[in-house]
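A.B. asks:
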Amino acid sequence: MSHTTLATVLFLLFVVGTLAITFWASRQNKTAADYYAGGRAFSAAQNGLAIGGDYMSAASFLGIAGLIALYGYDGFLYSIGFLVAWLVALLLVAELMRNSGKYTMADVLAFRMSPRPVRTAAGVSTIVVSIFYLLAQMVGAGALVGLLLGITSDSGKALTIVGVGILMIVYVVVGGMKGTTWVQIVKAVLLMGGATLVTLLVLGKYGFNVSNLLGTAAEQSGKGDSFLNAGQRYGTDAQGIWGKFDLISLGLALVLGTAGLPHILIRFYTVPTAKDARKSVLWGIGIIGTFYLLTLVLGFGAAAMVGSEAIRAENAAGNTAAPQLALAIGNAIFGDVGGTILLAVIAAVAFATILAVVAGLTLASSSSFAHDLYAHVFKRGNVTEKQEILVARISAFVIGAVAIGLGILAQAQNVAFLVALAFAIAASGNLPAILYSLFWKRFNTAGAVASIYGGLVSALVLVIFSPVVSGRPTSLIKDMDFHWFPMENPGLFSIPIGFLCGYIATRMSKEYNESKYAEMEVRSLTGVGAEKASTH
Amino acid sequence: MTTEQHDSSVYEQIRATDRFQELRRRYRSWAFPMTVAFLVWYLLYVVLSAFARDFMAIKVLGNINVALIFGLLQFVSTFYISWAYARHSAAKLDPLADELRGEIEKVEK
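Just so you know, the sequences run in chain order A and B.
Numbering follows our numbering, in which position 342 of the first sequence is assigned residue number 379; successive positions increment by one, without gaps.
Numbering follows our numbering, in which position 34 of the second sequence is assigned residue number 596; successive positions increment by one, without gaps.
As structure tokens, then:
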């Protein structure tokens, strides 16, 4: 049996299992709280695993392992930013958000503001961030099918993406938050299991001597010791001073983006109390931190055992380094059959990962469309729960279709880098509004709207006029050059712009609601009046 | 499902109490400085990675250099701060928050 057959079988097992869970979950989906927040009845450990599942995307698993394999240390920088970012969520956002919101990020932002403009802005930014993130995942799916499932024709790849898209739509439309959360939990367990297995095998091969592994990786990379230091990918000497600032910009976007990601924020609503939200983040940090330590070994292991030439030959951006490593280590330890099995396992896990994250993103953006834009902005709150959920399901369908289309069109960019852009937009557009909203008494409608649009638009504009889009051989548009912004990541400018817009607009508007802020402060810190878990 | 509606002035009265101010102070005086601290510590790491590469390249143990140790220390500090926050909130925040919530909800009934 070839690895592609085995991978397909394993993947189908995952699909059948998760679909069964989804249909089981759908029978319990009665209210809006069930659909949007899984009835708020998940335990902290379950939600912690689901946080890990949502966060350990194809970008983390395949993208970072690939970056480390090709560029060494620079890939590691990514995972550190991704991890430290959780402290912002833990210390400043998770519990307060759970106590004062209901289903979406906008619930918190609109709490003491004029609801329609704020919900419109928050809904737009939720959908933009999620689509960027979705794009990254779909690119990953498209780039991987060749190696993982043995599909090489363009039409075959397109069909695979359509298949992934349809499955994801089923999870979200049928299972809602409950089904999606269980998919994340199953996937997180599989991913941790697979990554741990390969890591242990790699470490075993090098006698559990990390220095030895690093040395071999540096040697095989052809770059020597500089492979173990920053500067292979970001801030290279050729890029000059702006390259170094680009590295800082990336670092800033990573650390501030997480607490502004809508699909992460809605996870805090799936548990009964703020205390559980805190505990679930603690679980999440434990799982995610461990996982990134594993990817460090996977990345350097791939550099040492597969070599950058073989990786680039399969996928120029390095996205297939982890599965290639699985094949190499399996072959080396257990012979050809072992390599085949290990590759199939990792391939199936990678697909499960993409599927689960894509489902989480679709749920976040369709929830925001239905709850914020449809129910509160278009209908001014005059809708029944039933109508709202119907709209949520329809928009999940539409967003799923958009994701499929983009996935087919998208090109072979490194997935981790696309995710970094989504993080930059989340950090510039969402985080300033969330923090001001929770902690700044004087903050008001004008400030909220200005910080969201200011951060969002400046991040988007800077990306459009960056070398990512035009002017370099690696750009999206290769034969044109209209870039004037020198960096790939806009965060260094767009994040301060988001904060500044919020500050200035707040000061310029006289509006200010003392009693609503008192209510928000008391509720967010004590949990009075927080949404309860549904009982059935 | 329904959120209990409070008279807004009730919240303003609660906020003005010493105990609520104490809860707020205990939360902010821990979370804010700690946020500044871990952001500075993280940015120091990123800035050194960008501008102090010779320093980061110094080998400490075999092929393990300063950059890698610095990176792993970020993991250690993240785990430690998470643990410390869990302890702080369990000891200093939760009891007071539960007490206040209990009283407010009792008044309502």
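Glycine residues also receive a C-beta, built at the ideal position from the N, C-alpha and C atoms.
Consult DSSP for A/I303 and reduce its assignment to one of helix, strand or coil.
C.D. replies: As a first step, residue 303 of chain A must be located in the first sequence, where it is residue number 266. Residue state, collapsed to three classes: helix.
A.B. asks: Just to confirm my understanding: we take A/P469, look at its own chain, exclude 5 residues before and 5 after, and list those with CB closer than 7 Å. What are they?
C.D. replies: Taking the first sequence and counting its residues from 1, one reaches residue 469 of chain A at position 432. Taken in chain order, the residues that qualify are S488, G492, G535, F536 and G539.
A.B. asks: Could you tell me the alpha carbon to alpha carbon distance between B/T564 and A/Y108, rounded to whole angstroms?
C.D. replies: One-based indexing of the second sequence puts residue 564 of chain B at position 2. One-based indexing of the first sequence puts residue 108 of chain A at position 71. At B/T564 the pLDDT is 41, less than 50, meaning the model places this residue with poor confidence and gives no usable figure here.
A.B. asks: Output the distance between the C-alpha atoms of A/F406 and A/T42, rounded to the nearest integer angstrom.
C.D. replies: In the first sequence, residue 406 of chain A corresponds to position 369, counting from 1. In the first sequence, residue 42 of chain A corresponds to position 5, counting from 1. In a straight line, the C-alpha of A/F406 is about 39 Å away from that of A/T42.
A.B. asks: Closest to A/A122 by CA distance: which of A/M214, A/S137, A/I322 and A/N84 is it?
C.D. replies: The residue given as residue 122 of chain A occupies position 85 in the first sequence. Comparing Cα positions, the closest option is A/I322.
A.B. asks: Nearest to A/N352 by alpha carbon, out of A/A44, A/L181 and A/L410?
C.D. replies: Position 315 of the first sequence, counted from the start, is the residue given in the question as residue 352 of chain A. Answer by Cα proximity: A/L181.
A.B. asks: So A/V247 is in the alpha helix (DSSP H); what residue range does that whole segment cover?
C.D. replies: Stepping through the first sequence from its first residue, residue 247 of chain A is reached at position 210. Residues V247 to S258.
A.B. asks: Candidates A/V500, A/T390, A/I441 and A/E425: which alpha carbon is nearest A/I88's?
C.D. replies: For the purposes of this step, residue 88 of chain A is taken as residue 51 along the first sequence, with counting starting at 1. Out of A/V500, A/T390, A/I441 and A/E425, A/T390 has the C-alpha closest to the C-alpha of A/I88.
A.B. asks: Buried or exposed for A/E558, going by 16 or more other Cβ atoms inside 10 Å?
C.D. replies: If you number the first sequence from 1, residue 558 of chain A lands on position 521. Buried is the call here.
A.B. asks: I want to see whether chain B comes within less than 8 Å of A/K281, judged by CB atoms only; does it?
C.D. replies: Here residue 281 of chain A is taken as the residue at index 244 of the first sequence, counted from 1. Answer yes: the Cβ-Cβ gap between A/K281 and chain B drops below 8 Å somewhere.
A.B. asks: Given this structure, state the Cα-to-Cα distance separating A/M342 from A/V414, to the nearest angstrom.
C.D. replies: Residue 342 of chain A sits at position 305 when you count from the first residue of the first sequence. Residue 414 of chain A sits at position 377 when you count from the first residue of the first sequence. A straight line joining the alpha-carbon of A/M342 with that of A/V414 spans about 55 Å.
A.B. asks: Please work out which residues of its chain come closer than 8 Å, Cβ to Cβ, to B/L630, disregarding the five sequence neighbours upstream and downstream, and give them in chain order.
C.D. replies: In the second sequence, counting from the first residue as 1, residue 630 of chain B sits at position 68. If you ignore the 5 residues before and after B/L630, its C-beta comes within less than 8 Å of no other C-beta in its own chain.
A.B. asks: Any beta carbon of chain A sitting closer than 8 Å to that of B/D580?
C.D. replies: As a first step, residue 580 of chain B is located in the second sequence; it is residue number 18 there, counting from the start. By this cut-off, B/D580 is not an interface position.
A.B. asks: Pull the bridge partners of A/S507 from the DSSP assignment, please.
C.D. replies: Start at 1 with the first residue of the first sequence, and residue 507 of chain A comes out as number 470. In DSSP, A/S507 forms a bridge with A/I514.
A.B. asks: Between which two residues does the beta strand (DSSP E) harbouring B/A622 extend?
C.D. replies: For the purposes of this step, residue 622 of chain B is identified with residue 60 of the second sequence, where counting begins at 1. For clarity, residue 622 of chain B is Val in the given sequence; the question names Ala instead. B/V622 -> beta strand (DSSP E) spans K621 to L623.
A.B. asks: Under 8 Å: do the segment 253–269 of chain A and the segment 332–347 of chain A share three or more Cβ pairs, one atom per stretch?
C.D. replies: yes
A.B. asks: Starting from the beta carbon of A/F113, find every residue of chain B whose beta carbon is closer than 8 Å, and list them in chain order.
C.D. replies: The residue you call residue 113 of chain A lines up with position 76 of the first sequence. Per Cβ cutoff of 8 Å: L630 and G633.
A.B. asks: Exposed or buried, which one is B/E566 when buried takes at least 16 other CB atoms within 10 Å?
C.D. replies: Position 4 of the second sequence, counted from the first residue, corresponds to residue 566 of chain B. Unreliable placement is indicated for B/E566, whose pLDDT of 49 sits below 50; the coordinate value is still reported in the next sentence. B/E566 is exposed by the Cβ-count criterion.
A.B. asks: Is B/S591 close to chain A? Criterion is C-beta to C-beta, closer than 8 Å.
C.D. replies: Within the second sequence, numbered from 1, the residue matching residue 591 of chain B stands at position 29. Chain A contact via Cβ: absent.
A.B. asks: Say whether chain A places a C-beta atom closer than 8 Å to the C-beta of B/E667.
C.D. replies: The sequence position of residue 667 of chain B within the second sequence is 105, counting from 1. Yes, contact with chain A.
A.B. asks: How many Å lie between A/A44 and A/A232 at the Cα?
C.D. replies: Locating residue 44 of chain A in the first sequence gives position 7, counting from the first residue. Locating residue 232 of chain A in the first sequence gives position 195, counting from the first residue. Our two residues, A/A44 and A/A232, have alpha carbons roughly 16 Å apart in a direct line.
A.B. asks: Given this structure, state the Cα-to-Cα distance separating A/T189 from A/V199, to the nearest angstrom.
C.D. replies: Along the first sequence, read from residue 1 onward, the residue named residue 189 of chain A stands at position 152. Along the first sequence, read from residue 1 onward, the residue named residue 199 of chain A stands at position 162. Cα-Cα distance, rounded: 15 Å.
A.B. asks: So what does DSSP say about A/N84, is it helix, strand or coil?
C.D. replies: The count along the first sequence starts at 1 and reaches residue 84 of chain A at position 47. Note: A/N84 maps to helix in three-state DSSP.
A.B. asks: I need the DSSP call for A/I391, collapsed to helix, strand or coil.
C.D. replies: Here residue 391 of chain A corresponds to residue number 354 of the first sequence, with the count starting at 1. Collapsing the DSSP output to three states places A/I391 in a helix.
A.B. asks: Only counting the same chain, and skipping five residues up and downstream in sequence, which positions put a Cβ closer than 8 Å to that of B/W603?
C.D. replies: For this step, residue 603 of chain B is matched to residue 41 along the second sequence. Answer for B/W603: Q636 and S639, listed in chain order.
A.B. asks: Helix, strand or coil for B/N627? Go by DSSP, reduced to three states.
C.D. replies: Counting from 1 along the second sequence, the entry for residue 627 of chain B is found at position 65. Three-state result, B/N627: strand.
A.B. asks: My output table needs one value for A/E548: the three-state DSSP class, helix, strand or coil.
C.D. replies: In the first sequence, counting from the first residue as 1, residue 548 of chain A sits at position 511. If DSSP states are grouped into helix, strand and coil, A/E548 belongs with coil.
A.B. asks: Roughly how many angstroms separate the alpha carbons of A/T310 and A/G85, rounded to a whole number?
C.D. replies: The residue you call residue 310 of chain A lines up with position 273 of the first sequence. The residue you call residue 85 of chain A lines up with position 48 of the first sequence. Approximately 14 Å, taken between the alpha carbons.
A.B. asks: Write down the C-beta distance between B/S571 and A/L284 rounded to the nearest angstrom, noting that I regard them as a contact closer than 8 Å.
C.D. replies: Position 9 of the second sequence holds residue 571 of chain B. Position 247 of the first sequence holds residue 284 of chain A. In fact, because the Cβ distance is near 51 Å, the residues do not count as touching under 8 Å.
A.B. asks: Residue ranges of each beta strand (DSSP E) run of no fewer than 3 residues wholly in the segment 470–499 of chain A, ordered along the chain?
C.D. replies: none
A.B. asks: Between the segment 383–398 of chain A and the segment 256–271 of chain A, do at least 3 Cβ pairs fall closer than 8 Å?
C.D. replies: Contact annotation: the segment 383–398 of chain A does not touch the segment 256–271 of chain A, with fewer than three C-beta pairs closer than 8 Å.
A.B. asks: Chain A partners of B/L711, CB-CB under 7 Å?
C.D. replies: Residue 711 of chain B is absent from the model: chain B starts at 563 and stops at 671.
A.B. asks: Straight-line CA distance for A/G202 to A/A464?
C.D. replies: Within the first sequence, the letter at position 165 stands for residue 202 of chain A. Within the first sequence, the letter at position 427 stands for residue 464 of chain A. Taking the straight line from one Cα to the other gives about 27 Å.
A.B. asks: On the criterion of 16 or more Cβ atoms from any shown chain inside 10 Å, does A/A275 qualify as buried, or is it exposed?
C.D. replies: Position 238 of the first sequence, counting from 1, holds the residue named residue 275 of chain A. In this structure A/A275 is exposed. Its beta-carbon is surrounded by fewer than 16 other beta-carbon atoms within 10 angstroms.
A.B. asks: What number of angstroms, rounded off, separates the C-alpha of A/F148 from the C-alpha of A/L335?
C.D. replies: If you number the first sequence from 1, residue 148 of chain A lands on position 111. If you number the first sequence from 1, residue 335 of chain A lands on position 298. Distance between the alpha carbons of A/F148 and A/L335 is about 44 Å.
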